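Residue numbers (this note's numbering): 676 to 1010.
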Amino acid sequence: MSQGFNVAVAGATGAVGVEMVKTLEKRNFPVRSLKLLASSRSAGKTAKFHGTDVVIEEMTPESFKGVDFALFSAGSDISRDYRAAVVKSGALMIDNSSAFRMENDVPLVVPEVNPEDARLHHGVIANPNCTTIIMLVAVAPLHRAKKLIRLVAATYQAASGAGAKGMAELAEQTRQLLNGEAVHPAAFAHQLGFNLIPHIDSFQENGYTKEELKMLNESRKILHAPELMVSCTSVRVPILRAHSESLNMEFAEEVTPEEVRAILSKSPGVIVMDDPAQKIYPMPKDATEQYDVLAGRIRQDISRHDKRGIDMFVSGDQVLKGAALNAVQIAELFV
Ligand code: A2P
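Encoded structure:
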């Protein structure tokens, strides 16, 4: 038998699933066999892996026999439905949904930040929320150096966060609007083309959305910083697949923009793009299809009397670092 692991991708036809397959291929993950799983609607279709056609199968609880890694991106309900079958089969479930992220015995892992937590799994490891991953790749190294106390974020989130149907809706709506045709929002609560929607996931009693509270709760868990304070406004923007975030950070210690640039330029997974005079700063266009998170517009927060505040802007590919790449990197921790 050839070397490598038996890998299954659940949700293989989705926006993230397709990128999981491409990422396994691009990073030369040691795959002995690959199972592509989706709903009955996709069964029989094929997808390429290293030049070979792989037939997509309908996912059933029996699909995971002999599987080592099961990368899931088919939504929370499906993850919940399949968890027991996957764990029973002995596969490690790496789950992109929000279903298990806050469970105590489910590690929530960004490999650049808390790889050691992955070892504590009981069959399931959760991939954090995309905006949280993109933020923490750039913020965790600063937290380690200067201790982050409070962070205020505004996010600019791409259509891909709503899956392939979200991206298709934005593209189609843009065409319709340019042609003066009527639009019919379905993946989003409102028209997204030529608009912004300050509403991602459901509203909670305190006026925040679930998406906004993920930035607080998931950051605390990943950084092991239960006292960290985070407030966020999450906004859907008419961009296809890269998220951006405006971050205002307060640290326990004083920190200068020069120090931030020096720390980030040595941090894995981050590229500092910060030369305003040359019009160099992070933009979703440049983050698209990149593995690394772009960080720039780094400056001292002038609303404070001390030097403990920093403002920064980041962009990262939601489908890659925000989802598929992070999941594959988690599997790589076990190779
Ligand atoms: P399918 O294409 O067959 O519907 P996205 O997040 O881009 O919308 O993708 C969702 C993914 O989850 C797709 O691959 C989709 O497959 C898959 N999926 C949806 N429902 C099921 C199901 N009941 N069983 C397995 N996979 C599912």
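Using N, Cα and C, we set each Cβ at its ideal position, and we do this for glycine too. All values reported here derive from a predicted model rather than from experimental measurement.
Legend entry - According to DSSP, residues forming a beta bridge with R911: Position 236 of the sequence shown holds residue 911. R911 pairs with Q832 and I872.
Legend entry - Residue range of the beta strand (DSSP E) that includes I946: As a working note, residue 946 is residue 271 in the sequence shown. That run of the beta strand (DSSP E) goes V945 to V947.
Inset, instruction - Examine the ligand A2P and report whether any of its heavy atoms sits within less than 8 Å of the Cβ of R716. - result: Working through the sequence shown from its first residue, we reach residue 716 at position 41. The answer is yes for R716.
Inset, instruction - Give a single yes or no on whether E733 has its beta carbon closer than 8 Å to a heavy atom of the ligand A2P. - result: Indexing the sequence shown from 1 puts residue 733 at position 58. E733: yes, Cβ under 8 Å from the ligand A2P.
Legend entry - Reference A766; option with closest CA among D752, I753, V788 and K740: In the sequence shown, residue 766 corresponds to position 91, counting from 1. Selection D752, I753, V788 and K740 evaluated against A766 yields K740 as nearest (Cα-Cα).
Inset, instruction - Indicate whether A813 and A970 have their beta-carbon atoms separated by less than 9 Å. - result: Taking the sequence shown and counting its residues from 1, the one referred to as residue 813 is at position 138. Taking the sequence shown and counting its residues from 1, the one referred to as residue 970 is at position 295. Yes, the Cβ-Cβ distance between A813 and A970 is below 9 Å.
Legend entry - Residue ranges of each beta strand (DSSP E) within the region 716 to 766, 3 or longer: Counting whole runs of 3 or more residues, the region 716 to 766 contains the beta strand (DSSP E) stretches 721 to 724, 727 to 733 and 744 to 747.
Inset, instruction - Helix, strand or coil for V684, going by three-state DSSP, please let me know. - result: Locating residue 684 in the sequence shown gives position 9, counting from the first residue. In the structure shown, V684 sits in a strand (DSSP, three-state: E or B).
Legend entry - Rounded straight-line distance, which links the Cα of P790 to that of L1008: Within the sequence shown, the letter at position 333 stands for residue 1008. Within the sequence shown, the letter at position 115 stands for residue 790. Between L1008 and P790, the C-alpha separation is close to 7 Å.
Inset, instruction - Report the three-state DSSP secondary structure of A838 (helix, strand or coil). - result: Your numbering for residue 838 matches position 163 in the sequence shown. Per the sequence shown, the amino acid found at residue 838 is Gly instead of Ala. Here G838 sits in helix by DSSP.
Inset, instruction - May I ask you to check if the CB of S748 is nearer than 8 Å to at least one heavy atom of the ligand A2P? - result: Translated into positions along the sequence shown, residue 748 becomes position 73. Taking 8 Å as the cut-off, one finds at least one heavy atom of the ligand A2P near enough to the beta carbon of S748.
Legend entry - Residue from L1000, S714 and H797 whose Cα sits closest to the Cα of I753: As a position in the sequence shown, residue 753 is number 78, starting the count at 1. With distances taken between Cα atoms, I753 lies closest to S714.
Legend entry - Rounded separation between G679 and D961 - CA only: Residue 679 sits at position 4 when you count from the first residue of the sequence shown. Residue 961 sits at position 286 when you count from the first residue of the sequence shown. Going by the C-alpha atoms only, they are around 34 Å apart.
Inset, instruction - To the nearest angstrom, report how far apart G991 and R755 are at their CA atoms. - result: Here residue 991 corresponds to residue number 316 of the sequence shown, with the count starting at 1. Here residue 755 corresponds to residue number 80 of the sequence shown, with the count starting at 1. One C-alpha to the other measures close to 28 Å.
Inset, instruction - Identify which residue in V761, Y966, A834 and N681 has its Cα closest to the Cα of H865. - result: Position 190 of the sequence shown, counted from the start, is the residue given in the question as residue 865. Of the candidates V761, Y966, A834 and N681, the one whose C-alpha sits nearest the C-alpha of H865 is A834.
Legend entry - CB of I897 within 9 Å of CB of D770, strictly: As a position in the sequence shown, residue 897 is number 222, starting the count at 1. As a position in the sequence shown, residue 770 is number 95, starting the count at 1. Taking 9 Å as the Cβ cut-off, I897 and D770 do not qualify as a contacting pair.
Inset, instruction - Using only the heavy atoms of the ligand A2P, determine whether one of them is closer than 8 Å to the beta carbon of T931. - result: By 1-based counting over the sequence shown, the position of residue 931 is 256. If you check the C-beta of T931 against the ligand A2P, you find no heavy atom less than 8 Å away.
Inset, instruction - Flag this pair as yes or no: are the beta carbons of L845 and L783 separated by less than 9 Å? - result: Working through the sequence shown from its first residue, we reach residue 845 at position 170. Working through the sequence shown from its first residue, we reach residue 783 at position 108. Not in contact: L845 and L783 (Cβ atoms no closer than 9 Å).
Inset, instruction - Mind checking which residues open and close the beta strand (DSSP E) that includes K701? - result: As a first step, residue 701 is located in the sequence shown; it is residue number 26 there, counting from the start. Counted as a single uninterrupted DSSP element, the stretch harbouring K701 is not any beta strand (DSSP E) but the alpha helix (DSSP H) occupying residues A690 to K701.
Legend entry - C-alpha distance - I946 paired with Y956, whole-angstrom precision: For the purposes of this step, residue 946 is identified with residue 271 of the sequence shown, where counting begins at 1. For the purposes of this step, residue 956 is identified with residue 281 of the sequence shown, where counting begins at 1. Cα-Cα distance, rounded: 10 Å.
Inset, instruction - Identify the continuous alpha helix (DSSP H) that holds R936 and give its terminal residues. - result: For the purposes of this step, residue 936 is identified with residue 261 of the sequence shown, where counting begins at 1. Where R936 is concerned, the enclosing alpha helix (DSSP H) starts and stops at P932 to S940.
Legend entry - Where the beta strand (DSSP E) containing V799 begins and where it ends: Along the sequence shown, one-based indexing puts residue 799 at 124. Residue range V799 to A801 is occupied by the beta strand (DSSP E) that includes V799.
Inset, instruction - Would you mind sorting T688 into buried or exposed? The rule is 16 or more other CB atoms within 10 Å of its CB. - result: Counted from its first residue, the sequence shown places residue 688 at position 13. Around the beta carbon of T688, 16 or more other beta carbons sit within 10 angstroms, so the residue counts as buried.
Inset, instruction - To the nearest angstrom, report how far apart V1003 and M695 are at their CA atoms. - result: Here the question's residue 1003 lines up with position 328 in the sequence shown. Here the question's residue 695 lines up with position 20 in the sequence shown. Computed Cα separation, rounded: 7 Å.
Inset, instruction - Work out the CA separation of V827 and E928 for me, nearest whole Å. - result: Residue 928 sits at position 253 when you count from the first residue of the sequence shown. Residue 827 sits at position 152 when you count from the first residue of the sequence shown. Here the C-alpha atom of E928 lies approximately 17 Å from the C-alpha atom of V827.
Legend entry - Counted within 10 angstroms of its Cβ, other Cβ atoms place I977 as buried (16 or more) or exposed: Here residue 977 corresponds to residue number 302 of the sequence shown, with the count starting at 1. By the neighbour-count rule (16 or more Cβ atoms within 10 Å), I977 is not buried but exposed.
Inset, instruction - Classify F1009 as helix, strand or coil using the three-state DSSP reduction. - result: Counting from one through the sequence shown, the residue named residue 1009 turns up at place 334. F1009: coil per DSSP, three-state reduction.
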